[in-house]
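Residue numbers (my numbering), protein chains in the order written: chain A, 35 to 439; chain B, 35 to 439.
There are 2 protein chains.
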Amino acid sequence: MSTLMLAKTALDRITQDESRLHAYACLDPDIALAEAQRLDRTGTHGPLSGHTVAIKDIFDTGDMPTACGSPIHAGRRPTRDAAAVAAIRAAGGLVIGKSVTTEFAHLTPGPTRNPRNTAHTPGGSSSGSAATVAAGGASLATGTQTAGSIIRPAAFCGVVGYKPSFATISRSGLSLFAETLDTIGGFAKNVADAALFVGVMAGRADLMQPPMPRTPRFALWPTPDATSADPCVLAELERVAQAAAAAGATVETLTGDHGWHPLMAAQKTIMAWEGVRALAHERRVHPDLLSDPLRAYLDAAAPMDAATYLAALDTRQTLGAALNAVMAPFDALLTLSAPGEAPLASTGTGDPQFNRVWTLLGGPALHLPTGTGPLGLPIGVQLVGGPGSDQRLLGAAAWLEAALT
Amino acid sequence: MSTLMLAKTALDRITQDESRLHAYACLDPDIALAEAQRLDRTGTHGPLSGHTVAIKDIFDTGDMPTACGSPIHAGRRPTRDAAAVAAIRAAGGLVIGKSVTTEFAHLTPGPTRNPRNTAHTPGGSSSGSAATVAAGGASLATGTQTAGSIIRPAAFCGVVGYKPSFATISRSGLSLFAETLDTIGGFAKNVADAALFVGVMAGRADLMQPPMPRTPRFALWPTPDATSADPCVLAELERVAQAAAAAGATVETLTGDHGWHPLMAAQKTIMAWEGVRALAHERRVHPDLLSDPLRAYLDAAAPMDAATYLAALDTRQTLGAALNAVMAPFDALLTLSAPGEAPLASTGTGDPQFNRVWTLLGGPALHLPTGTGPLGLPIGVQLVGGPGSDQRLLGAAAWLEAALT
Chain A
35 MSTLMLAKTA LDRITQDESR LHAYACLDPD IALAEAQRLD RTGTHGPLSG HTVAIKDIFD
95 TGDMPTACGS PIHAGRRPTR DAAAVAAIRA AGGLVIGKSV TTEFAHLTPG PTRNPRNTAH
155 TPGGSSSGSA ATVAAGGASL ATGTQTAGSI IRPAAFCGVV GYKPSFATIS RSGLSLFAET
215 LDTIGGFAKN VADAALFVGV MAGRADLMQP PMPRTPRFAL WPTPDATSAD PCVLAELERV
275 AQAAAAAGAT VETLTGDHGW HPLMAAQKTI MAWEGVRALA HERRVHPDLL SDPLRAYLDA
335 AAPMDAATYL AALDTRQTLG AALNAVMAPF DALLTLSAPG EAPLASTGTG DPQFNRVWTL
395 LGGPALHLPT GTGPLGLPIG VQLVGGPGSD QRLLGAAAWL EAALT
Chain B
35 MSTLMLAKTA LDRITQDESR LHAYACLDPD IALAEAQRLD RTGTHGPLSG HTVAIKDIFD
95 TGDMPTACGS PIHAGRRPTR DAAAVAAIRA AGGLVIGKSV TTEFAHLTPG PTRNPRNTAH
155 TPGGSSSGSA ATVAAGGASL ATGTQTAGSI IRPAAFCGVV GYKPSFATIS RSGLSLFAET
215 LDTIGGFAKN VADAALFVGV MAGRADLMQP PMPRTPRFAL WPTPDATSAD PCVLAELERV
275 AQAAAAAGAT VETLTGDHGW HPLMAAQKTI MAWEGVRALA HERRVHPDLL SDPLRAYLDA
335 AAPMDAATYL AALDTRQTLG AALNAVMAPF DALLTLSAPG EAPLASTGTG DPQFNRVWTL
395 LGGPALHLPT GTGPLGLPIG VQLVGGPGSD QRLLGAAAWL EAALT
């Protein structure tokens, strides 16, 4: 199939759903078809040929506006592609449109709804990316995670979401929020595609086809916040762990707190300190165009003193290193991705409480969709590893995915 | 004095020198005067009131073009200020113009010349920033360092250059080259102004007026590459160390290699791997508009395999942590800033060999101008500390500056 045909098919599919899902911040058939013709004309072939890719609207794109989910930047036209987008194009991927982000990838929702039930949120901040992959609009989509912005929407929409180790993919051309947390990753229908996609964006051949372990070793840790999670996700985590053990994996249950709550507090402190600085321009020049919740969040963060921030960095160094060391012997830690099924859209984009610590620690995290909850919405499990253990984690995730099907 | 008067005086001064120095990529009196009038009209007062500030042309500015020293981005007009620029404006600093950067802050020189002798390079990549502060055109200027792009031009031009710990200042709105190395800092005439300036950009009140130690403890380490340095900078380092001891400081000489050469190799590997990714768009779409040396550098870096990069990250983790631990008991390590006086402009922007390792390690580094070499060009010393030791390092630098005058 030509890329032009691929583009037309994808555009038809997306257009059918768009009035219901609102997954796209920019969907311009002329641009997408021209890009498809360029790929056909130049004979560009690579590992992403045949894939349609939605780009979260905080990545600069030279051919489409990049508004970061904010009226401040509505219609902004970058003159270059972000590094990740350039890598996608060079690998033959067809950029099909810009997907909706929450405002500056923080919590204020965009218009996107969950494809499985439009009364519910797709999660955030990579809302449109998760939704369009779940709905079959794009086969891949970029995301970023600062607290829980890849894993949570992947969980709510029922797709694979993969946040690699911190700094695996260049953020050149990305709008930043919290510089020591923001991590680029992606959404796909399965682990193999997620690995291929992130491997391409990172320029990491070693991640594109990770070898599967024969008998993986998992640590099961629902975390000290498991008590606040919905029973359905706890039961699913237990079911998956048992299925893994039945299929030949070693599953060891972790106990203890491992600094969970101090680490979560440190993530919130670091995110607030860095966010108020990254958005200094917007806060100075356009405070009236920030949403009330974001403006209030930044105003509350602004007076924080350096000692508080430096103490949070220290907590990351000490407790974070200790928890990373706990994970080291395992192929992956198995834990919750989200507190439950996707909440109603009217309540926001959901809580990243099961994601903050893992983003802070800087290792890879992957959501694997494995089932359905009582509301008929997707649920699954999260696999986590220490920084740099991406290949190992992807192998374990692919093994688990295969064991469950 | 009104900010408008300040602006007029600065513009006169800059204009007198500009045909000789070529320090500015954008110098638009209308924009600078309008900004001065805005500061006067709004009554903006803060720690940078009375300061004129040049902005390296890889920081986005909403009122001036940002070309990154490349014809690819000539005339590019960002729609927002970089976070550091927004912080400068909020603190009352007057942005006076955009200073020349080498191409994408790498090695291909811009037109800027050394104010002390225009046959010589000002150093790079923050060429225009160091030159204009040395010439009294701007009282402060932003810089970034990936290998040696702050310390080296500060040394060649005879001004204070301060690269704080990695990630101290938000890179939101900055053009990236090597994401785990690029660090924002600044140039000033003295340590107090450099501390104030970086403290403002970072939103770190604790750095703005660092307390001086009564009897600082210095480690003297010319590094294993001292043998390749010009005798004049070695003699100056020795002279400064003796003066410090005479003024009451403890000075202990370090011996040993401390992983110097493996760490330098790791810095080069990381910079090349990350640089080829950050410039993926430019390399894909505009290879003809890259300079021959930069294109050749990126082409050589592109085939590098992941194992090489990951090994370099591992070297940073292990050997870097060990060298940081060596520095921990000291207020600062005293070492060379550059291999000698500024070389002829026809030979390039000089060698960052005495800066790469310190950028890799992520701690603060500061150049203190202390004397003049046989060519009549500035020389001085570099003070270095472990990550997070900025306040302590600045205090030691202020002490040393006072001890030498």
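From the three backbone atoms N, C-alpha and C, an ideal C-beta is built for every residue, glycine too. Please read these numbers as outputs of a predicted model, since none were measured by experiment.
Report yes or no: is there a C-beta of chain A within less than 8 Å of the C-beta of R75(B)? In the second sequence, the residue the question calls residue 75(B) occupies position 41. With its beta carbon at least 8 Å from every one in chain A, R75(B) lies outside the interface.
Alpha helix (DSSP H) containing P63(B): first to last residue? Indexing the second sequence from 1 puts residue 63(B) at position 29. DSSP places P63(B) in the uninterrupted alpha helix (DSSP H) bounded by P63 to T76.
Give me the Cα-Cα distance between N224(B) and V194(B), rounded to the nearest whole angstrom. Here the question's residue 224(B) lines up with position 190 in the second sequence. Here the question's residue 194(B) lines up with position 160 in the second sequence. Straight-line measurement puts the Cα of V194(B) at about 6 Å from the Cα of N224(B).
By the three-class DSSP mapping on this structure, what secondary structure does P412(B) have? In the second sequence, the residue the question calls residue 412(B) occupies position 378. In this structure, P412(B) counts as strand in the three-state DSSP scheme.
In chain order, which continuous runs of the alpha helix (DSSP H) of length 4 or greater are located wholly inside the region 213-264 of chain B? Counting only runs of 4 or more, we get 225-236 and 239-242.
What residue from G422(A), A275(A) and G157(A) has the CA that sits closest to A437(A)'s CA? For the purposes of this step, residue 437(A) is identified with residue 403 of the first sequence, where counting begins at 1. Per the Cα distances, A275(A).
Whole-Å CB distance - L288(A) paired with L313(A), under 8 Å assumed: Walking along the first sequence from the start, residue 288(A) turns up at place 254. Walking along the first sequence from the start, residue 313(A) turns up at place 279. Not quite, the Cβ-Cβ distance comes to about 37 Å (not below 8 Å), so this is no contact.
Reducing DSSP to helix, strand and coil, say where V194(B) ends up. By one-based count along the second sequence, residue 194(B) stands at place 160. Strand, per DSSP.
In the structure shown, what three-state DSSP assignment does L82(B) receive? Working through the second sequence from its first residue, we reach residue 82(B) at position 48. When DSSP states are grouped into helix, strand and coil, L82(B) belongs to the coil group.
Look at T166(B) and A172(B) and say whether their C-beta atoms are less than 8 Å apart. For this step, residue 166(B) is matched to residue 132 along the second sequence. For this step, residue 172(B) is matched to residue 138 along the second sequence. Judged by beta-carbon spacing, A172(B) lies within the 8 Å limit of T166(B), meaning their Cβ atoms are closer than that value.
Contact check, A430(B) vs A366(B), beta carbons under 8 Å: Along the second sequence, one-based indexing puts residue 430(B) at 396. Along the second sequence, one-based indexing puts residue 366(B) at 332. Going by C-beta atoms, A430(B) is nearer than 8 Å to A366(B).
Interface residues of the region 113-146 of chain B facing chain A [CB-CB below 9 Å]: Those residues of the region 113-146 of chain B that come within reach of chain A (Cβ to Cβ, closer than 9 Å) are T113, R114, D115, A116, A117, A118, V119, A120, A121, R123 and A124.
Could you tell me which residues DSSP pairs with K90(A) in its beta bridges? The sequence position of residue 90(A) within the first sequence is 56, counting from 1. Per the DSSP secondary-structure output, K90(A) pairs in a beta bridge with S133(A).
In whole angstroms, what separates the C-alpha of I203(B) from that of C266(B)? If you number the second sequence from 1, residue 203(B) lands on position 169. If you number the second sequence from 1, residue 266(B) lands on position 232. Using only the alpha carbons, I get a separation of about 34 Å.
Which listed residue (A88(A), S161(A), F200(A) and Q301(A)) has its alpha carbon closest to that of L347(B): Counted from its first residue, the second sequence places residue 347(B) at position 313. Ranking the options by Cα distance to L347(B), first place goes to F200(A).
When we look at the beta-carbon of D94(B) and count the other beta-carbons within 10 Å, is it buried (16 or more) or exposed? Locating residue 94(B) in the second sequence gives position 60, counting from the first residue. Classification for D94(B): buried.
Kindly provide the ranges of any beta strand (DSSP E) runs that are 3 or more residues long and lie completely inside the region 269-302 of chain A, ordered along the chain. If you keep only unbroken beta strand (DSSP E) runs of at least 3 residues inside the region 269-302 of chain A, you get 284-287.
Here's a check: name, in chain order, each residue in its chain whose Cβ is nearer than 7 Å to the Cβ of A139(A), leaving out the five neighbours to either side. Taking the first sequence and counting its residues from 1, the one referred to as residue 139(A) is at position 105. Annotation for A139(A): I92, S159, T178, T180, S183 and F211 place their beta carbon closer than 7 Å to its own, counting only its chain and skipping 5 residues before and after.
Less than 8 Å separating the beta-carbons of G374(A) and D240(A)? As a position in the first sequence, residue 374(A) is number 340, starting the count at 1. As a position in the first sequence, residue 240(A) is number 206, starting the count at 1. Not in contact: G374(A) and D240(A) (Cβ atoms no closer than 8 Å).
Which ranges does the alpha helix (DSSP H) cover as unbroken runs of at least 4 residues, wholly within the region 314-388 of chain A, from first to last along the chain? Qualifying alpha helix (DSSP H) stretches, in chain order: 314-319, 326-335, 340-349 and 355-361.
Label P321(A) either buried or exposed according to how many other C-beta atoms from any shown protein chain fall within 10 Å of its C-beta, with 16 as the threshold for buried. To locate residue 321(A), count along the first sequence from 1; it is residue 287. P321(A) comes out exposed.
Cα-Cα separation between M305(B) and M242(A), rounded to whole angstroms: Numbered from its first residue, the second sequence carries residue 305(B) at position 271. Numbered from its first residue, the first sequence carries residue 242(A) at position 208. Here the C-alpha atom of M305(B) lies approximately 23 Å from the C-alpha atom of M242(A).
For A131(A) and G170(A), what's the separation of their Cα atoms in angstroms? Here the question's residue 131(A) lines up with position 97 in the first sequence. Here the question's residue 170(A) lines up with position 136 in the first sequence. Residue 131(A) is actually Gly in this sequence, not Ala. Distance between the alpha carbons of G131(A) and G170(A) is about 14 Å.
What would DSSP say about G126(A), mapped onto helix, strand or coil? Here residue 126(A) refers to the residue found at position 92 of the first sequence. Of the three classes helix, strand and coil, the one that applies to G126(A) here is coil, per DSSP.
Within chain B, partners of G419(A) - CB distance below 8 Å: The residue given as residue 419(A) occupies position 385 in the first sequence. Within chain B, no residue comes near G419(A); the closest Cβ sits about 15 Å away, beyond 8 Å.
I'd like to check one pair, H56(B) with A379(B): are the Cβ atoms closer than 8 Å? Reading the second sequence from its first residue, position 345 is the one you call residue 379(B). Reading the second sequence from its first residue, position 22 is the one you call residue 56(B). At least 8 Å separates the beta-carbon of A379(B) from that of H56(B).
Cα separation between R317(B) and I122(A)? Within the second sequence, numbered from 1, the residue matching residue 317(B) stands at position 283. Within the first sequence, numbered from 1, the residue matching residue 122(A) stands at position 88. Note on geometry: alpha-carbon atoms of R317(B) and I122(A) lie some 14 Å from one another.
Anyone know if the C-beta pair for P256(A) and L370(A) falls short of 8 Å? Here residue 256(A) refers to the residue found at position 222 when the first sequence is read from its first residue. Here residue 370(A) refers to the residue found at position 336 when the first sequence is read from its first residue. In contact: P256(A) and L370(A) (Cβ atoms closer than 8 Å).
C191(A) and P143(A): beta carbons closer than 8 Å? Start at 1 with the first residue of the first sequence, and residue 191(A) comes out as number 157. Start at 1 with the first residue of the first sequence, and residue 143(A) comes out as number 109. No, the pair does not count as a contact, with Cβ atoms beyond the cut-off.
Which whole-angstrom value describes the C-beta separation of S104(B) and E137(B), a residue pair presumed to lie in contact below a C-beta threshold of 8 Å? Numbered from its first residue, the second sequence carries residue 104(B) at position 70. Numbered from its first residue, the second sequence carries residue 137(B) at position 103. 5 Å between Cβ atoms; contact.
Give me the chain A residues within the contact set of E213(B), using Cβ-Cβ distance strictly less than 8 Å, ordered along the chain. Within the second sequence, numbered from 1, the residue matching residue 213(B) stands at position 179. Residues of chain A passing the Cβ test: A201, S204, R205 and S206.
Classify Q301(A) as buried or exposed, calling it buried when 16 or more other Cβ atoms lie within 10 Å of its own Cβ. As a working mapping, residue 301(A) is identified with position 267 in the first sequence. So Q301(A) counts as buried.
Does the beta carbon of D91(B) come closer than 8 Å to any beta carbon on chain A? In the second sequence, residue 91(B) corresponds to position 57, counting from 1. Chain A contact via Cβ: absent.
Taking 6 Å as the limit between beta carbons, can you name the residues of its chain near P327(A), skipping five residues before and five after? Counting from one through the first sequence, the residue named residue 327(A) turns up at place 293. The answer, listed in chain order, is T142.
Please report the distance separating the alpha-carbon of L428(A) from that of A228(A). Sequence index remark: in the first sequence, residue 428(A) carries index 394 (1-based). Sequence index remark: in the first sequence, residue 228(A) carries index 194 (1-based). Their backbone Cα atoms lie some 9 Å apart in a straight line.
Identify whether L427(A) lies in helix, strand or coil by the three-state DSSP scheme. By 1-based counting over the first sequence, the position of residue 427(A) is 393. Three-state result, L427(A): helix.
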